[in-house]
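Below: the structure, in structure tokens.
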Amino acid sequence: MSDTPLAELTARVLRHRDERDWAQFHTPKELAISLAVEASELLALMQWQTGEALTRAVTNKRDKIVDELADVLHSTLLLAADLKIDLAEALKQKLAKDALKYPVEKSKGRAVKYDEL
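Quick note: the sequence shown uses the working numbering, first residue 137, plus one each step.
Put into structure tokens, the structure is as follows:
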């Protein structure tokens with residue numbers, strides 16, 4: 137696991153975009169669409185696979201999966217930066233909310249939504 141800070145990664149994707157004068161195309165809507173498209177491309181790599189076939193697909197397509205995950209993060213960082221959202225703080229707050237919605241004693245080992253606990 138890399139120890140590169142989120143702020144450094146954000147600065148790098150912003151610099152990459154700015155060097156190419158692409159900010160003009162990056163409205164929140166377009167970035168959200170890009171995020172969904174990249175997530176869909178990730179899903180497509182594993183679609184219809186189960187069990188052993190899924191394990192093989194993940195192994196055989198690892199490089200593509202890595203690229204698609206990086207694309208998802210790239211779009212996420214750009215969107216968060218443009219909307220002035222501190223992703224590290226947002227995730228901390230979301231984890232705290234989820235801890236309340238999914239207490240360990242009720243949710244451990246269960247794949248159900250919080251309102252079904």
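Quick reminder that beta carbons are idealized off the backbone N, C-alpha and C, glycines included.
Specify, as a first and last residue, the run of the alpha helix (DSSP H) that residue i falls within.
| i | result |
| --- | --- |
| PRO164 | 164-180 |
| ARG263 | Shown here, the chain extends from 137 to 253; a query on residue 263 therefore has no answer. |
| ARG192 | 187-196 |
| ASP234 | 223-237 |
Once DSSP output is grouped into helix, strand and coil, what is the label at residue i?
| i | result |
| --- | --- |
| ILE201 | helix |
| LYS244 | coil |
| GLN160 | helix |
| ASP139 | coil |
| LEU215 | helix |
| LEU253 | coil |
Since I believe residue j is in contact with residue i (beta carbons under 8 Å), could you give me their beta-carbon distance rounded to a whole number of angstroms?
| i | j | result |
| --- | --- | --- |
| ARG153 | ALA159 | 6 Å |
| LYS181 | LYS197 | For the record, residue 181 in the displayed sequence is Leu; it is not Lys. Contact holds; Cβ gap of about 5 Å. |
| ALA175 | VAL202 | About 14 Å; that fails the 8 Å criterion. |
| LEU219 | PRO164 | 6 Å |
| LEU210 | VAL173 | Correcting the residue type first, residue 210 is His in the shown sequence and not Leu. With a Cβ gap of about 12 Å, HIS210 and VAL173 do not count as contacting. |
| LEU178 | LEU145 | The pair is not a contact, with the Cβ atoms about 18 Å apart (cut-off 8 Å). |
Would you report the Cα separation of residue i and residue j, rounded to the nearest angstrom?
| i | j | result |
| --- | --- | --- |
| THR212 | ALA168 | 8 Å |
| GLN185 | ALA193 | 7 Å |
| PRO141 | GLU188 | 35 Å |
| SER243 | ASP199 | 34 Å |
| ALA235 | ALA143 | 26 Å |
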